[in-house]
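Student:
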Amino acid sequence: MIRFALSMAIGLSAFPAAAQTVDPAQLESSVRTLASDLFEGRAPGTTGEERTIGYLVGRFQALGLEPGGPDGQWVQPVPLLHTRLGTAERLGVSRAGTQTPWTVGQQVYLSTLQPRDRVTVDQAPMVFVGYGVSAPERGWDDFKGADLRGKVAVFLINDPDFEAAKGDDAFGRFGGRTMTYYGRWTYKFEEAARRGAVAALIVHDTPGAGYGWNVVTSPQGENYDLVRAPGKVTSLAVQGWIEGTAATRLFADAGLDLAALRRAARGKSFRPVEIRGTTFSAAFPVTQEVVRSANVLARIPGTKRPDETVMFGAHWDAYGKGAPDAQGRVYRAGANDDALGIAGLFEIARAFKSGPAPDRSVLFAAWTAEERGLLGSEHYAANPVWPLEKTVANLALDILQTAGKARDVILVGKGQGTLEDDLASAAAKQGRTVTQESLPERGLFYRADHFSMAKRGVPVLLLMGIAGASDLVEGGRTAGQAWVDAYTGQCYHQACDAWGPDWNLDGAAQDIGLMLDIGNDLARSTRWPEWKPGSEFKATRDRSAGERP
2 MIRFALSMAI
12 GLSAFPAAAQ
22 TVDPAQLESS
32 VRTLASDLFE
42 GRAPGTTGEE
52 RTIGYLVGRF
62 QALGLEPGGP
72 DGQWVQPVPL
82 LHTRLGTAER
92 LGVSRAGTQT
102 PWTVGQQVYL
112 STLQPRDRVT
122 VDQAPMVFVG
132 YGVSAPERGW
142 DDFKGADLRG
152 KVAVFLINDP
162 DFEAAKGDDA
172 FGRFGGRTMT
182 YYGRWTYKFE
192 EAARRGAVAA
202 LIVHDTPGAG
212 YGWNVVTSPQ
222 GENYDLVRAP
232 GKVTSLAVQG
242 WIEGTAATRL
252 FADAGLDLAA
262 LRRAARGKSF
272 RPVEIRGTTF
282 SAAFPVTQEV
292 VRSANVLARI
302 PGTKRPDETV
312 MFGAHWDAYG
322 KGAPDAQGRV
332 YRAGANDDAL
342 GIAGLFEIAR
352 AFKSGPAPDR
362 SVLFAAWTAE
372 ERGLLGSEHY
382 AANPVWPLEK
392 TVANLALDIL
402 QTAGKARDVI
412 LVGKGQGTLE
422 DDLASAAAKQ
432 GRTVTQESLP
442 ERGLFYRADH
452 FSMAKRGVPV
462 LLLMGIAGAS
472 DLVEGGRTAG
482 QAWVDAYTGQ
492 CYHQACDAWG
502 PDWNLDGAAQ
512 DIGLMLDIGN
522 DLARSTRWPE
532 WKPGSEFKAT
542 RDRSAGERP
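Right, dumping it as structure tokens:
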């Protein structure tokens with residue numbers, strides 16, 4: 002590993018941390034280093050990762066933190082399965098002896114998470130399962146005991162509530178247009194595998210997915226997963242999406258009206274519908290490898306209740322090397338996504354180490370493979386170094402706005418937990434207000450590393466600058482929306498997500514200061530944040546209540 006010398010001006014006085022100032026200059030210095038060509042875009046399993054891990058360990062060590070990983074180490078190994086489908090040997094649907102070939106990227110997009118050199122689906126029956134939701138706590142079951150073993154499950158994207166109107170059973174049952182986890186494509190693939198399906202396909206539509214077909218196809222047959230024991234490998238030989246027009250034709254050829262079935266799927270009485278006489282076949286060669294990656298974990302032990310942990314998290318990985326952009330840049334280095342979040346962890350750690358030790362332990366997690374499906378955080382959540390039952394909260398930083406100070410902060414996941422009330426209190430101390438995310442139907446709450454902890458019941462809070470237009474001090478919400486549009490429309494996951502002289506990190510420093518304030522209060526109290534009634538994660542947390550004082 003490469004170790005970097007660190008020279009930092011500490012400049013913070015005694016706590017409380019709420020009174021401290023996060024230094025925009027320190028943030029800029031860290032971002033410019035992590036987003037430099039030296040780190041080659043920080044892709045897992047590359048030389049760029051080796052350099053990144055060395056840099057992170059060196060910075061945390063220089064700040065005076067202790068290793069927070071297993072067996073007193075700085076890193077938690079994360080073995081990843083990396084697959085890529087080759088050229089299709091066979092792909093399409095068959096009905097009444099008539100073959101309809103499909104082309105990857107046109108009618109369908111596919112990948113695999115099976116560690117095999119070849120995957121096949123041979124004339125498997127296709128079953129439409131509506132939104133594919135099994136939610137006993139909401140009185141909803143789309144499956145009605147249907148046997149999916151050996152079949153292809155075909156889903157709608159999002160929740161039954163997404164297009165529901167008054168009079169529909171689903172209306173208001175899943176939070177209106179605010180996506181729940183049941184609306185995420187990851188949930189649908191997981192549910193299909195739990196029920197033994199051989200493949201799963203989601204009907205694409207841009208409003209429901211929150212992105213166009215071009216985004217669906219951009220991985221070009223590549224996928225990542227955690228390395229799993231043979232008995233834990235998914236049953237799905239392939240998983241993916243059907244393009245909307247192709248899906249309409251698929252149903253029509255079987256005498257079915259997809260639009261009518263969409264309406265039916267908003268009712269509690271919906272039952273899976275066989276796509277009559279239609280089978281799906283696919284055969285692909287697969288390139289597969291195991292990539293050795295790692296999370297970096299650093300810790301400040303608590304003095305009174307060290308077994309209770311307040312966790313801060315951000316992801317270190319980006320997209321590595323790609324095709325040159327218009328300026329000839331080849332590294333997709335994620336200066337904002339999420340080098341800026343990592344820089345925020347350093348600043349929060351610096352603030353904690355400048356004052357008295359906390360009562361509870363504080364853990365700083367730099368996750369790998371967020372861009373590959375939240376895999377680093379998922380690996381930690383499945384193999385926690387510090388018990389999740391006594392993890393007080395996970396406070397996550399992933400993309401912060403770089404356009405200057407704001408009068409408000411954007412809340413992601415309104416109504417989920419009491420940490421949103423803590424955010425409002427911390428914002429008020431800064432003279433700011435809280436604004437709900439502008440497009441909750443896109444499910445950003447389920448698309449960052451904190452979600453791996455949420456699934457296990459840990460209360461979470463995410464700050465993500467692209468969740469809505471900030472009310473900027475200079476330019477108001479119009480300027481805030483212009484920043485969101487420019488970043489998401491041009492630089493998100495692209496080489497131009499790079500530091501530039503136009504960056505103004507005063508607003509990012511404000512937001513990091515909010516997380517510092519909340520985390521500091523939790524680390525010096527006996528308080529336990531909770532999920533609010535109606536959250537799909539409340540029951541999981543409640544089951545471990547006896548393990549907390």
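For the sequence shown, our numbering begins at 2 and goes up steadily by one.
Glycine included, C-beta positions come from ideal geometry on N, C-alpha and C.
Per DSSP, what kind of secondary structure is Leu7 in: helix, strand or coil?
Tutor: What you label residue 7 is simply residue 6 of the sequence shown in a count that begins at 1. With a pLDDT of 31 at Leu7, under the threshold of 50, the predicted position of this residue should be treated as unreliable, though the coordinate-derived value follows. Coil, per DSSP.
Student: Please report the straight-line C-alpha distance between Val128 and Arg549, rounded to a whole angstrom.
Tutor: Here residue 128 refers to the residue found at position 127 when the sequence shown is read from its first residue. Here residue 549 refers to the residue found at position 548 when the sequence shown is read from its first residue. Each residue's alpha carbon lies about 44 Å from the other.
Student: Considering just the uninterrupted stretch of the beta strand (DSSP E) at Trp242, what are its terminal residues?
Tutor: As a working mapping, residue 242 is identified with position 241 in the sequence shown. Start and end: 239 to 243.
Student: Is the stretch 109 to 116 touching the stretch 320 to 335, taking contact as three or more C-beta pairs under 8 Å?
Tutor: Contact between the stretch 109 to 116 and the stretch 320 to 335 is absent, because fewer than three Cβ pairs lie under 8 Å.
Student: Determine contact between the stretch 352 to 370 and the stretch 500 to 511, defined as no fewer than three beta-carbon pairs at a distance below 8 Å.
Tutor: Flag = no, the stretch 352 to 370 and the stretch 500 to 511 do not touch.
Student: Nearest-angstrom Cα distance between Lys539 and Ala483?
Tutor: The residue you call residue 539 lines up with position 538 of the sequence shown. The residue you call residue 483 lines up with position 482 of the sequence shown. Taking the straight line from one Cα to the other gives about 37 Å.
Student: In whole angstroms, what separates the C-alpha of Thr541 from that of Gly70?
Tutor: The residue given as residue 541 occupies position 540 in the sequence shown. The residue given as residue 70 occupies position 69 in the sequence shown. For Thr541 and Gly70, the distance between alpha carbons rounds to 25 Å.
Student: When we look at the beta-carbon of Gln417 and count the other beta-carbons within 10 Å, is it buried (16 or more) or exposed?
Tutor: Along the sequence shown, one-based indexing puts residue 417 at 416. Buried.
Student: Is the beta carbon of Val76 closer than 8 Å to that of Ala89?
Tutor: By one-based count along the sequence shown, residue 89 stands at place 88. By one-based count along the sequence shown, residue 76 stands at place 75. No, the pair does not count as a contact, with Cβ atoms beyond the cut-off.
Student: Compute the Euclidean distance between the alpha carbons of Gly211 and Leu440, then round it to the nearest angstrom.
Tutor: In the sequence shown, the residue the question calls residue 211 occupies position 210. In the sequence shown, the residue the question calls residue 440 occupies position 439. Answer to the nearest angstrom: the Cα atoms are 9 Å apart.
Student: Within this structure, are the beta carbons of Thr436 and Asp472 separated by less than 8 Å?
Tutor: Locating residue 436 in the sequence shown gives position 435, where the first residue counts as 1. Locating residue 472 in the sequence shown gives position 471, where the first residue counts as 1. Yes, they are a contact pair.
Student: How would you write the range of the alpha helix (DSSP H) that Val485 sits in, first residue to last?
Tutor: On the sequence shown, residue 485 is found 484 positions in, with the first residue counted as 1. Here the alpha helix (DSSP H) through Val485 covers 477 to 487.
Student: Would you kindly work out how many angstroms separate the C-alpha atoms of Lys430 and Asp518, rounded to a whole number?
Tutor: Numbered from its first residue, the sequence shown carries residue 430 at position 429. Numbered from its first residue, the sequence shown carries residue 518 at position 517. Rounded to the nearest angstrom, the two C-alpha atoms are 10 Å apart.
Student: Between the alpha carbons of Gln491 and Val217, how many angstroms are there, rounded?
Tutor: As a first step, residue 491 is located in the sequence shown; it is residue number 490 there, counting from the start. As a first step, residue 217 is located in the sequence shown; it is residue number 216 there, counting from the start. Going from the Cα of Gln491 to the Cα of Val217 covers about 17 Å.
Student: Let me check understanding here. Comparing Cα to Cα, which of Ala367, Ala499, Val239, Asp338 lies closest to Arg328?
Tutor: Start at 1 with the first residue of the sequence shown, and residue 328 comes out as number 327. The identity of residue 328 in the sequence shown is Gln, whereas the question assumes Arg. Among Ala367, Ala499, Val239, Asp338, the Cα nearest to that of Gln328 belongs to Ala499.
Student: Using the DSSP secondary-structure output, state which residues sit across from Ala136 in a beta bridge.
Tutor: Indexing the sequence shown from 1 puts residue 136 at position 135. In the DSSP output, where bridge partners are listed per residue, Ala136 has Trp141.
Student: What is the DSSP secondary structure of Val217, reduced to helix, strand or coil?
Tutor: As a first step, residue 217 is located in the sequence shown; it is residue number 216 there, counting from the start. Three-state result, Val217: helix.
Student: Can you tell which of Lys167, Gly476, Phe144 has the C-alpha that lies nearest to the C-alpha of Arg408?
Tutor: Counted from its first residue, the sequence shown places residue 408 at position 407. Ranking Lys167, Gly476, Phe144 by Cα distance to Arg408 puts Gly476 first.
Student: Identify the residues that DSSP records as bridge partners of Phe129: which are they?
Tutor: In the sequence shown, counting from the first residue as 1, residue 129 sits at position 128. DSSP lists Val155, Val274 as partners of Phe129.
Student: DSSP on Ala20, reduced to helix/strand/coil?
Tutor: Along the sequence shown, read from residue 1 onward, the residue named residue 20 stands at position 19. Reliability of the predicted coordinates at Ala20 is poor, the pLDDT of 39 falling under 50, and the value obtained from them is presented with this limitation in mind. Correct three-state label for Ala20: helix.
Student: Thinking C-alpha only, which one of Asp423, Ala425, Met312 is nearest Ser453?
Tutor: In the sequence shown, counting from the first residue as 1, residue 453 sits at position 452. With distances taken between Cα atoms, Ser453 lies closest to Met312.
Student: Does the beta-carbon distance from Ser282 to Val155 come in below 8 Å?
Tutor: Start at 1 with the first residue of the sequence shown, and residue 282 comes out as number 281. Start at 1 with the first residue of the sequence shown, and residue 155 comes out as number 154. The answer is no: Cβ separation not under 8 Å.
Student: Determine the burial state of Pro220: buried for a count of at least 16 other Cβ atoms within 10 Å of its Cβ, exposed for fewer.
Tutor: Here residue 220 corresponds to residue number 219 of the sequence shown, with the count starting at 1. Pro220 comes out exposed.
Student: Return the chain-ordered list of same chain residues with a C-beta closer than 6 Å to the C-beta of Pro17, the five sequence neighbours on each side being excluded.
Tutor: For the purposes of this step, residue 17 is taken as the residue at position 16 of the sequence shown. Reliability fails at Pro17, whose pLDDT of 45 lies under 50, so the model's placement of it is uncertain and the value that follows must be treated cautiously. Answer for Pro17: no residue qualifies.
Student: How long is the line joining the alpha carbons of Phe446 and Ala171, rounded to whole angstroms?
Tutor: Taking the sequence shown and counting its residues from 1, one reaches residue 446 at position 445. Taking the sequence shown and counting its residues from 1, one reaches residue 171 at position 170. Answer to the nearest angstrom: the Cα atoms are 21 Å apart.
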